[in-house]
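Trainee: Under our numbering, read the sequence shown as residues 1 to 324, first letter to last. For each residue, glycine too, the CB sits at the ideal point set by N, CA and C. Computed from a predicted model, the values in this text were never measured in an experiment. First, the structure itself, so that you have it in front of you.
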Amino acid sequence: MMRTLTFSEALREALHEEMERDETIFVIGEDVITHGGPYKVTDGIAERFPERIFETPIAEAGIMGVGVGAAMAGMNPVVEIMYMDFVTCAMDEVVNQAAKMRYMTGGQASVPMVIRLPCGVGRLLAAQHSQIMESWFMHVPGLQVVVPSTPGDAKGLLKSAIRSPDPVLFFEYKRIYTSTGEVPDGDHTIPIGQAKICREGEDATVVAIGPMVQKSLEAAVLLEDDGYDVEVVDARSLSPLDTETICESVSRTGHAVVCGEDSSFAGAASEIAAVIGENCFRDLKGPVVRVGSPHVPMPFSSELVKHVVPEVPDITEAVSRVMM
């Protein structure tokens, strides 16, 4: 049976179900008890699992270090970084320890840890609280990078991430925490590394990341008036990337647009565009076009934000351009 939940509610449900299933799972982070986290995802865990949730000072390196050590010792930590920008304070723990531990120990140790990362523009929090940085971690072998766009995928992917034997960076776009969608009952999981075709089409493929999935679907409806039948693919997982699904779609349509909220320069969209160019060159009827933000810090002003965050018209213009 399907129910309508918000993105935050779906994540919360996944956490509660997994903690009920496996007593080695615990939650650690700033304000995860006092406020249920800044977006209420950990709300209710302290009442239901009082000995398995730990509220910390503002000390990201310490939080992450606890997570890595606990994971190596047989626990399954879910680490919340209140704003993903401050994972930069724990880069050694993430990049040099969690990512490489299985390799450095010849498979004798693993780090089954989920790092939840609220990201992107949300409450006009300016340049130090609005970054995305997905591509930073795509570049690191040993890390999985997951980006759900709907409540159903949020639940299914978080459950799979918690069950993974290796570290997962779980990107949660702040602007879609209150979005609603259908979520299946029961033990709903989605394999990491599997893209989803959200809308079938014959003329062009739009590969979208996070909130840009819904905007791409809206753009596809508008583009029908111009006679374009657009297929929309939700990447969902950036590392591993489902190259097969993406390239099969592009090879069939012959046109490709890749959309993400991060900077187009050296972002996740750029890597996907390169993969398409390398694997689908003979099938392409035009250049691969990227849609993303300009290479600037996120402003505080709401008026300036409108000029940075890509919207539906940017996607429709990009599709029209590749179809010429």
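Leaving out five residues before and five after M70 in sequence, what residues of the same chain have Cβ atoms less than 7 Å from its Cβ?
Mentor: Sequence check: residue 70 is Ala here, not Met. Closer than 7 Å at Cβ, skipping near neighbours: P77.
Trainee: Are the stretch 144-159 and the stretch 176-188 touching, with three or more C-beta to C-beta distances below 8 Å?
Mentor: Yes: the two stretches touch, three or more of their Cβ pairs being nearer than 8 Å.
Trainee: In terms of alpha-carbon separation, which member of S164, E202, G210 and K174 lies closest to P191?
Mentor: Of the listed residues, the one whose Cα sits closest to P191 is S164.
Trainee: When you compare the stretch 227-244 with the stretch 288-308, are there three or more beta-carbon pairs, one atom per stretch, that lie closer than 8 Å?
Mentor: As far as the Cβ criterion goes, the stretch 227-244 does not touch the stretch 288-308, which means the pair count is below three.
Trainee: Which whole-angstrom value describes the C-beta separation of V111 and Q144, a residue pair presumed to lie in contact below a C-beta threshold of 8 Å?
Mentor: Wrong, their Cβ atoms sit about 11 Å apart, outside the cutoff.
Trainee: So within the stretch 2-56, which uninterrupted beta strand (DSSP E) runs reach at least 3 residues, ignoring any that extend past its ends?
Mentor: Entirely contained in the stretch 2-56, the beta strand (DSSP E) runs reaching 3 residues are, in chain order, 2-6, 25-29 and 53-55.
Trainee: For the candidate residues F265, A266, I276 and V27, whose alpha-carbon lies nearest to that of V257?
Mentor: Comparing Cα positions, the closest option is I276.
Trainee: Less than 8 Å between the C-beta atoms of A90 and E60, yes or no?
Mentor: Yes.
Trainee: Give the DSSP-derived three-state secondary structure of C89 in the structure shown.
Mentor: Note: C89 maps to helix in three-state DSSP.
Trainee: For D226, does the count of other Cβ atoms within 10 angstroms reach 16, so buried, or fall short, so exposed?
Mentor: D226 should be labelled exposed.
Trainee: What does a CB cutoff of less than 7 Å around K285 pick up in its chain, not counting 5 residues either side in sequence?
Mentor: Cβ within range, chain order: G254 and H255.
Trainee: Is I176 helix, strand or coil by DSSP?
Mentor: Helix.
Trainee: Considering only DSSP beta bridges, list what V146 is partnered with.
Mentor: Bridge partners of V146: F170 and S237.
Trainee: To which residues does DSSP link P297 through a beta bridge?
Mentor: BP columns for P297 are empty, so no partner.
Trainee: Using only CA atoms, which one of Q131, G193, C259 and S130 lies nearest to L157?
Mentor: L157 has its Cα closest to that of G193, out of Q131, G193, C259 and S130.
Trainee: Out of G106, D31, P287 and V309, state which residue places its alpha-carbon closest to the alpha-carbon of S320.
Mentor: Measuring from the Cα of S320, the nearest candidate turns out to be P287.
Trainee: Using three-state DSSP, classify E231 as helix, strand or coil.
Mentor: In this structure, E231 counts as strand in the three-state DSSP scheme.
Trainee: Considering only DSSP beta bridges, list what L355 is partnered with.
Mentor: Limits of the chain in this structure are 1 at one end and 324 at the other, which puts residue 355 out of reach.
Trainee: Within 10 angstroms of its Cβ, does L5 collect 16 or more other Cβ (buried), or is it exposed?
Mentor: Buried, because 16 or more other Cβ atoms sit within 10 Å of the Cβ of L5.
Trainee: I'd like to check one pair, T56 with G37: are the Cβ atoms closer than 8 Å?
Mentor: No, the Cβ-Cβ distance between G37 and T56 is not below 8 Å.
Trainee: Taking T34 and L15 to be in contact with their CB atoms under 8 Å, please state how far apart those CB atoms are, rounded to whole angstroms.
Mentor: Actually they are not in contact, since the Cβ atoms of T34 and L15 sit about 17 Å apart, beyond 8 Å.
Trainee: Could you work out which residue in G142, M133 and G122 is closest to S302 when comparing CA atoms only?
Mentor: It is G122.
Trainee: The beta strand (DSSP E) that contains A256, what's its start and end?
Mentor: That run of the beta strand (DSSP E) goes A256 to S263.
Trainee: Alpha carbon to alpha carbon, what distance is there between R48 and E134?
Mentor: Their backbone Cα atoms lie some 32 Å apart in a straight line.
Trainee: By Cβ distance, which residues of its chain are closer than 6 Å to P313, with the 5 residues on each side in sequence left out?
Mentor: Nothing meets the Cβ criterion.
Trainee: Which residues in the same chain as D187 place their Cβ atom closer than 8 Å to its Cβ, once the five residues preceding and following it in sequence are excluded?
Mentor: If we look at D187 and ignore the five residues flanking it on each side, its Cβ neighbours are E17 and K159.
Trainee: Tell me N76's beta-bridge partners as DSSP assigns them.
Mentor: Paired residue(s): I25.
Trainee: Could you check where the alpha helix (DSSP H) with R282 kicks off and where it finishes?
Mentor: Element bounds for R282: n/a, residue is neither H nor E.
Trainee: A195 and V206: beta carbons closer than 8 Å?
Mentor: Cβ atoms of A195 and V206: not closer than 8 Å.
Trainee: Quickly, what does DSSP pair C119 with across the bridge? List them, please.
Mentor: DSSP, once it has assigned bridges, lists Y173 as partnering C119.
Trainee: Quick check on V327: does DSSP put it in helix, strand or coil?
Mentor: Any answer about residue 327 is impossible in this case: the structure gives the chain only from 1 up to 324.
Trainee: Please list, in chain order, all residues of the same chain as D234 whose beta carbon is under 7 Å from its beta carbon, the five residues on each side excluded.
Mentor: Cβ neighbours of D234 beyond the five flanking positions: S149, A195, K196, C198, A208 and V213.
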